[in-house]
Structure formats: C-alpha cells, structure tokens
Amino acid sequence: MNPHTKPARLTQTFINSVEANGAKQRFSDHKVAGLCLRVAPGGTKTFVIRYRKPDNASAEMNIGRADVVTLEMARDRAKKHLAQVPDGHDPIEARRQAGIEARNKKMETLEALAEAFKASPGFLSKRIRTQEFYESCLRVHILPRLGTRSVKEIGRKDIASFLDEIYSEHSGPASNSARRTLSVMFSYATELELIDFNPVSAVKQRHRGGQRTRQLNDKELKRLWQALDNLEGITSDVSDMIRLCLFLPARVNEIAGMEWAELNLKERLWTVRAERMKNNKPHELPFGECCRRLLEKRRNAGAGNSSWVFPAKSGIEPMNGKVASRACNRLSKDWGCTPFGPHALRRGFTTRMAEKGVRLEILERALSHDVTGGRAIAHYDHYSYRDEKRDLMEHWEKTLLRIVQAQDFESDQDESGE
Numbered sequence: 043m044n045p046h047t048k049p050a051r052l053t054q055t056f057i058n059s060v061e062a063n064g065a066k067q068r069f070s071d072h073k074v075a076g077l078c079l080r081v082a083p084g085g086t087k088t089f090v091i092r093y094r095k096p097d098n099a100s101a102e103m104n105i106g107r108a109d110v111v112t113l114e115m116a117r118d119r120a121k122k123h124l125a126q127v128p129d130g131h132d133p134i135e136a137r138r139q140a141g142i143e144a145r146n147k148k149m150e151t152l153e154a155l156a157e158a159f160k161a162s163p164g165f166l167s168k169r170i171r172t173q174e175f176y177e178s179c180l181r182v183h184i185l186p187r188l189g190t191r192s193v194k195e196i197g198r199k200d201i202a203s204f205l206d207e208i209y210s211e212h213s214g215p216a217s218n219s220a221r222r223t224l225s226v227m228f229s230y231a232t233e234l235e236l237i238d239f240n241p242v243s244a245v246k247q248r249h250r251g252g253q254r255t256r257q258l259n260d261k262e263l264k265r266l267w268q269a270l271d272n273l274e275g276i277t278s279d280v281s282d283m284i285r286l287c288l289f290l291p292a293r294v295n296e297i298a299g300m301e302w303a304e305l306n307l308k309e310r311l312w313t314v315r316a317e318r319m320k321n322n323k324p325h326e327l328p329f330g331e332c333c334r335r336l337l338e339k340r341r342n343a344g345a346g347n348s349s350w351v352f353p354a355k356s357g358i359e360p361m362n363g364k365v366a367s368r369a370c371n372r373l374s375k376d377w378g379c380t381p382f383g384p385h386a387l388r389r390g391f392t393t394r395m396a397e398k399g400v401r402l403e404i405l406e407r408a409l410s411h412d413v414t415g416g417r418a419i420a421h422y423d424h425y426s427y428r429d430e431k432r433d434l435m436e437h438w439e440k441t442l443l444r445i446v447q448a449q450d451f452e453s454d455q456d457e458s459g460e
C-alpha cells in the first residue's frame, strides 16, 4: 500500500467529517479494493481509483467529487472501471478514447471541423490577414463543395478532383489557396486524432507559380501617376493610397492601416507599430517632402478627424488595402498590359534603387526585411539607420518625380525651399 494512503472504514459520516491537514491525504475503502477518498491540502475531497496499467505502472483516476457523488455511487463506479483491469483494460485510456469519440462525432463534417478550427488557439493566434484568407477560402471554395462531407471519408482522390474544379472554374492561384487552407484544416484534424494522416500532403499543387517579377517600367509609372488624377469610379482616397504606395516602399496593408499617431509630419518620419508588421517588429521609415505634403493634404481635408489616414466609411476601422489592388487590376485591364498590383510598385522601387548603387542592407531595412547579414548581426546591431534610410527615401522621391514628370509636385517642392 502507498505510504500516503491510510486504510479507513469509509462511511458517509467519515467522508463528511474528515478535514484537511495541509498535505494530500488518501483513505482506502475497506469494501472495494482500489477505491480511495483523496483529500487535497485545500480540503477538496475526490473519489479516485488506484490500479496498475498493463505495463505495471501505477495510475490514479478521478471518478467524482465527494460533494457530488455519494459513497455508494463511487463504489459502483469503481467496480465498473476496475472489473476489466485484470484483462489489460486501462480506465484512463478508455476515458480518453471515449472523449475523442464524442468530440469526433460533433466534428464529423468538414463544416463542423471548420467552426472548431476558427475557435482554436492555432487560428486565433494568426495575423488578422491570415485569418481572413482562410475564412475566405472556406466560404467561397471549400464549404460549398465539401462542407457536408465526413472528414474521415475525404481522401486524396476527392481532394485532387476538388482542386481540379477550382483550377478550371476559377484560377491556378485560387486552387493553390484552397489547397493551402485544406491542408491546414486536415493538419488540425490529425492533432485532434480525427484522422491518422493529412491526405492533402499527398496531392500536388495544380498551379506552379514562378517568382513574381512584375514591375512597372518608366512609361507605365508615368501613365499610372497621370491616371490617378482622373480615374472614373475610383475615389480620391484610393488614388492617394496608390500614390503613397509609389512614394513609400511599404506593403499596401501597412499603408492602408496607417495611423496619424504613427506619423511625425514635422520630422517626416513614419513609425509602424510591431503588431501591424509582417515580421512583428516596429518599423521606422522616413519620407520625402512631397509625401509629407500629400499626408498634410489628407489631414486638412478631414481625414485628420479619424485615427487613420484612410478611414473606412464606418469610421471604426481603416480601409482595406484590397481597394488599391482592385484599382490597379482594373487599370491593367484597361491598358491591356500584364496585370500588376501595389506590390509591383514596391518591387520597382527596390530594383531602381539597387541600380543606383544603394547598399543592399539599407534597402532591406527600408523594406522591413530581415538583413542578409543574418540573425547574429541583427541581434547585436541596434543602430537605427535612420539617416541612411532618409537619404534613400529622398533620393527615391526625386527619382520618381523625374520619371513621372510631376511638375506640379516639383514646383511646390522648389517653392518650399527644398
């Protein structure tokens, strides 16, 4: 017998009267071998069964709190659980399997699994943009076709057929996005032991996209700049957002979510909060005089009454960067050219400044990329490179204005004494 377990003549009166003594106590039942009353240091009383597992390791399982379960109920439960132990039965493992089966029954369909996934810590810990990506793929592509299907019955053949449908009805990238979302879902299912393996891992992508290289040449940049002044059906907010994408080598969602509190217009400095950055690190980016005046114009026009430079109509959140992407897509269709988005402007900035001989580590810091030198250098180098980045951004602004021949901006800049 365990030295911490005391034999006792368990009665309901004894159970009600026994008191805590600051240490864990166990009292074994005199009628049912293996049944004990456990009294925690704080006084909580619980009925437990103690037994040997098939590998001879000792085990203890709760079968009910003594303030809820009577002694007779505890003895009945103990007899039931302990009856099969001599035959290699493990009550704890049996309870775990029963819990898994009950949970699996609730999440039998892919739609039910999706709801559980969206409430899981793994989903909620992801960036808002990633959450929206998964939710969109589920809503548009996956659940309408597979939502009512049993998770256990969806195999590689079903997934391959599904991805082929998305490829033919929508596009290759859409098919890849659906595959990525499905793979995350089935990985979650394996963690829950709903299935033994992820069937998506054995199905290849339907679209092999190469490295994105699209950027605008000088002629296209000039055409875009001029088009921003008279785009039918596109608001001045969207035009200003795209123009800022030209001035600043930031991601479109970082610009769309720009906050006045992040901006120091006098110092011409933008400091983006860490939680808004892809790498979860704060990012400091100086900007030129023309960019400052564009921001000043927006503030004076009323946007300064909001927390955001580009407030949504609701006033309670910023605009989504997708509006700029859609505008660029519409322009590329109107022009009959290769499609481009705001990221092509960021790519063009990088290429042109690299051609001008700007050091790679300065470009990487302006782009908020991990520095090529590696983690060791990044760990010890806490220099802000603000002056170097400011020189770069002023150089880029002059280069951009010369390419687009924006005489109105240049003349204003001359008058300001720059």
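Here my numbering = 1-based position in the sequence shown + 42.
The beta carbon of each residue, even a glycine, is placed where N, CA and C say it ideally should be.
Which residues share a DSSP beta bridge with residue i?
i: Val314; result: His325
i: Glu480; result: As shown, the chain starts at 43 and ends at 460. That puts residue 480 outside it, with no answer to give.
i: Arg80; result: Arg68 and Thr88
i: Thr151; result: Ser192
i: Asn306; result: Leu311
i: Arg94; result: Ser100
i: Pro360; result: Pro353
i: Lys160; result: Paired residues: none, contrary to the question.
i: Lys48; result: Phe69
Going straight from the alpha carbon of residue i to that of residue j, what length do you get?
i: Ala418; j: Lys431; result: In this prediction, Ala418 has a pLDDT of 45, which is less than 50 and means its spatial position is unreliable; nothing more can be read from the coordinates.
i: Ala303; j: Ala448; result: 29 Å
i: Ala65; j: Val90; result: 17 Å
i: Ser162; j: Ala154; result: 13 Å
i: Glu174; j: Val446; result: 36 Å
i: Met319; j: Arg293; result: 9 Å
i: Ala316; j: Arg221; result: 30 Å
i: Leu273; j: Glu301; result: 25 Å
i: His325; j: Ser426; result: 10 Å
i: Lys122; j: Thr112; result: 16 Å
i: Asp71; j: Val81; result: 14 Å
i: Asn342; j: Met283; result: 16 Å
i: Phe204; j: Gly164; result: 25 Å
i: Ser453; j: Leu180; result: Only weak support is given to the placement of Ser453: the predicted model assigns it a pLDDT of 47, under 50, and the value that follows is read from those uncertain coordinates. Approximately 51 Å, taken between the alpha carbons.
i: Val60; j: Val110; result: 16 Å
i: Pro360; j: Ala216; result: 26 Å
i: Trp438; j: Leu286; result: 13 Å
i: Ala50; j: Ala156; result: 51 Å
i: Arg191; j: Arg310; result: 55 Å
Just checking my contact of residue i with residue j at CB under 8 Å: how many whole Å lie between their CB atoms?
i: Leu288; j: Leu387; result: 6 Å
i: Cys78; j: Arg92; result: 6 Å
i: Ala62; j: Gly76; result: Wrong, their Cβ atoms sit about 23 Å apart, outside the cutoff.
i: Ala396; j: Leu405; result: 6 Å
i: Arg340; j: Val351; result: 6 Å
i: Thr151; j: Val182; result: Not confirmed; about 18 Å, so no contact.
i: Thr223; j: Ile276; result: Between Ile276 and Thr223 the Cβ distance is about 31 Å, and since that is not below 8 Å, they are no contact.
i: Arg117; j: Lys73; result: 6 Å
i: Thr441; j: Arg394; result: 6 Å
i: Thr88; j: Arg119; result: About 12 Å separates the two Cβ atoms, so there is no contact after all.
i: Leu290; j: Leu327; result: 7 Å
i: Leu443; j: Cys370; result: Contact doesn't hold; Cβ gap of about 20 Å is too wide.
For the ligand GDP, any of its heavy atoms closer than 6 Å to the Cβ of residue i?
i: Glu296; result: Questions concerning the ligand GDP fall outside what the structure shown contains, since it holds no ligand whatsoever.
May I ask which residues mark the beginning and end of the beta strand (DSSP E) holding residue i?
i: Arg107; result: Ser100 to Arg107
Between which two residues does the alpha helix (DSSP H) containing residue i stretch?
i: Thr232; result: Gly214 to Glu233
i: Ser426; result: No alpha helix (DSSP H) holds Ser426; DSSP gives it neither H nor E.
i: Gln173; result: Ile170 to Cys179
i: Ile237; result: Premise fails: Ile237 is in no alpha helix (DSSP H) and is neither H nor E.
i: Glu331; result: Glu331 to Asn342
i: Thr392; result: Pro384 to Glu397
i: Asn63; result: Per DSSP, Asn63 belongs to no alpha helix (DSSP H) and is neither H nor E.
i: Ile404; result: Leu402 to Ala408
i: Cys287; result: Ser278 to Phe289
i: Ser198; result: Here the sequence assigns Arg to residue 198, which means Ser is not the residue at that position. Counting along the chain, the alpha helix (DSSP H) containing Arg198 begins and ends at Arg198 to Glu211.
i: Met319; result: Note, Met319: premise wrong, no alpha helix (DSSP H); not H, not E.
i: Leu113; result: Leu113 to Leu124
i: Asp271; result: Where Asp271 is concerned, there is no enclosing alpha helix (DSSP H), given that its DSSP letter is neither H nor E.
- Would you call the segment 334 to 341 and the segment 376 to 390 in contact, with 3 or more CB pairs under 8 Å? The segment 334 to 341 is not in contact with the segment 376 to 390.
Under 8 Å: do the segment 87 to 106 and the segment 121 to 138 share three or more Cβ pairs, one atom per stretch? Output reads yes: the segment 121 to 138 touches the segment 87 to 106.
| query | Is it true that the segment 390 to 409 meets the segment 357 to 375, where meeting means three or more beta-carbon pairs spaced less than 8 Å apart? | reply | no
Practice task
State whether the segment 245 to 265 contacts the segment 339 to 359, with contact taken as three or more CB pairs (one from each stretch) at a distance under 8 Å.
Solution key: no
Just checking, does the segment 354 to 371 make contact with the segment 222 to 241 on the three C-beta pairs under 8 Å criterion?
no
| request: Count the C-beta pairs between the segment 237 to 245 and the segment 192 to 203 that are closer than 8 Å, then say yes if the count reaches three, no if not. | output: yes
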